[in-house]
Amino acid sequence: MKNILALSCLLILAGCGSSGTWGWYVIDPTTPKGWSNITFLLNGFGATIVLSVIAAFMSMAIGLMVALPGMSTNRWIRLPSRIYIEFVRAIPLLPMLFWVFYGLPVVLKSMGISVSIDAFWGAVITLAISDSAFTAEIYRSGIQSIARGQTEAAKTIGLTYSQTMRYVVLPQAIRRILPPLANQFIYIVKMSAFASVIGMQELTRRANELVVTEYRPLEIYSLLILEYLVLVLIISFFVRWLERKMGADESR
Numbered sequence: 002m003k004n005i006l007a008l009s010c011l012l013i014l015a016g017c018g019s020s021g022t023w024g025w026y027v028i029d030p031t032t033p034k035g036w037s038n039i040t041f042l043l044n045g046f047g048a049t050i051v052l053s054v055i056a057a058f059m060s061m062a063i064g065l066m067v068a069l070p071g072m073s074t075n076r077w078i079r080l081p082s083r084i085y086i087e088f089v090r091a092i093p094l095l096p097m098l099f100w101v102f103y104g105l106p107v108v109l110k111s112m113g114i115s116v117s118i119d120a121f122w123g124a125v126i127t128l129a130i131s132d133s134a135f136t137a138e139i140y141r142s143g144i145q146s147i148a149r150g151q152t153e154a155a156k157t158i159g160l161t162y163s164q165t166m167r168y169v170v171l172p173q174a175i176r177r178i179l180p181p182l183a184n185q186f187i188y189i190v191k192m193s194a195f196a197s198v199i200g201m202q203e204l205t206r207r208a209n210e211l212v213v214t215e216y217r218p219l220e221i222y223s224l225l226i227l228e229y230l231v232l233v234l235i236i237s238f239f240v241r242w243l244e245r246k247m248g249a250d251e252s253r
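Now the structure itself:
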């Protein structure tokens with residue numbers, strides 16, 4: 002058994018050479034070519050991060066605007082919010098991305114508005130809209146988790162509905178919904194890979210281009226997975242730190 006394991010290890014190590022089945026030399030940092038390929042892939046980090054951050058902020062803003070009317074006691078005010086959430090959640094991300102990038106400019110042009118949407122903003126708009134439905138539900142659950150006595154007490158001291166939300170409800174709700182919001186941000190980071198299909202030069206697009214030139218998909222996509230893993234771990238670490246900080250503030 003030991004001899005078989007040793008032989009297997011030797012075969013794997015031998016295959017990692019340039020003449021074997023494996024071709025890790027394409028991302029070997031000790032060679033000029035490998036380092037050039039790694040640098041090319043790493044340069045996609047900036048586009049992925051900027052895309053994800055802008056889309057996340059837009060998603061949170063849209064989600065809040067959708068969530069607040071959705072909690073109204075008036076069914077006619079509440080209905081558009083429910084329709085938006087159910088409609089957007091039902092659409093897969095990729096068809097929505099194609100519609101926004103290729104179809105939305107045509108629709109706007111038919112209305113007399115000549116606007117061109119590049120790959121970056123097409124991806125941002127799609128991710129923001131797609132994620133906003135889920136974010137709205139997170140806001141709704143967080144706000145409704147605040148005791149009714151809090152809002153009643155705010156009314157007794159003369160606060161308006163908007164002031165109650167701003168100074169009483171939302172600061173408490175944000176602490177509770179931070180973990181699911183962080184999960185949604187991670188979701189946006191991962192779904193940003195779909196932007197590659199419309200030509201945006203983010204991580205996945207660069208990996209695809211490198212595969213076409215090097216013909217080594219296993220090795221290049223393995224590095225791509227590692228890049229996303231590192232990015233998500235950094236986000237998770239920051240969120241954990243933020244949770245501890247906000248939790249400490251809440252306890253004082």
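In this text, residue positions in the sequence shown follow the working numbering: the first is 2, and each later residue adds one. Positions of the beta carbon are idealized from the N, C-alpha and C atoms, including for glycine.
Self-check item: Beta-carbon gap between A196 and A137 smaller than 9 Å
Solution: For the purposes of this step, residue 196 is identified with residue 195 of the sequence shown, where counting begins at 1. For the purposes of this step, residue 137 is identified with residue 136 of the sequence shown, where counting begins at 1. Against a cut-off of 9 Å, the Cβ pair of A137 and A196 comes out as no contact.
Exercise. Identify every run of the alpha helix (DSSP H) within the stretch 96 to 158, keeping only runs that are complete inside it and at least 4 residues long; order them along the chain.
Key: 105 to 111, 120 to 145, 149 to 157
Quiz item: Per the contact definition of three or more C-beta pairs closer than 8 Å, is the stretch 48 to 60 in contact with the stretch 126 to 146?
Solution: yes
Practice problem: Take every Cβ of the stretch 145 to 161, pair it with every Cβ of the stretch 209 to 226, and state whether three or more of those distances are shorter than 8 Å. | Solution: no
Quiz prompt | Host alpha helix (DSSP H) of N184 (start-end) | solution = Taking the first residue of the sequence shown as position 1, residue 184 is located at position 183. Residues 171 to 192.
Quiz item: Can you name the start and end residues of the alpha helix (DSSP H) that Q164 belongs to?
Solution: The sequence position of residue 164 within the sequence shown is 163, counting from 1. 162 to 165 is the extent of the alpha helix (DSSP H) around Q164.
Exercise. With DSSP collapsed to three states, give me the class of S197.
Key: Taking the sequence shown and counting its residues from 1, one reaches residue 197 at position 196. Here S197 sits in helix by DSSP.
Practice problem: Classify Q229 as helix, strand or coil using the three-state DSSP reduction. | Solution: Position 228 of the sequence shown, counted from the first residue, corresponds to residue 229. It is worth fixing the name first, because residue 229 is Tyr in this sequence and not Gln. Y229: helix per DSSP, three-state reduction.
Self-check item: Backbone secondary structure at R217 - three-state DSSP
Solution: Taking the sequence shown and counting its residues from 1, one reaches residue 217 at position 216. Correct three-state label for R217: coil.
Quiz item: Relative to the ligand GTP, is the shortest distance from any of its heavy atoms to the C-beta of T152 smaller than 8 Å?
Solution: Questions concerning the ligand GTP fall outside what the structure shown contains, since it holds no ligand whatsoever.
Self-check item: T205 in three-state terms, based on DSSP
Solution: Counting from 1 along the sequence shown, the entry for residue 205 is found at position 204. T205: helix per DSSP, three-state reduction.
Exercise. State the DSSP-derived secondary structure class of W77, mapped to helix, strand or coil.
Key: For the purposes of this step, residue 77 is taken as residue 76 along the sequence shown, with counting starting at 1. The answer is helix: DSSP assigns W77 an H, G or I state.
Quiz item: Does the distance from the CB of Y188 to the CB of F135 come in under 9 Å?
Solution: Against the sequence shown, residue 188 aligns to sequence position 187. Against the sequence shown, residue 135 aligns to sequence position 134. A contact, by the Cβ cut-off of 9 Å.
Practice problem: Kindly indicate which three-state DSSP category P30 falls into: helix, strand or coil? | Solution: Counting from 1 along the sequence shown, the entry for residue 30 is found at position 29. Coil.
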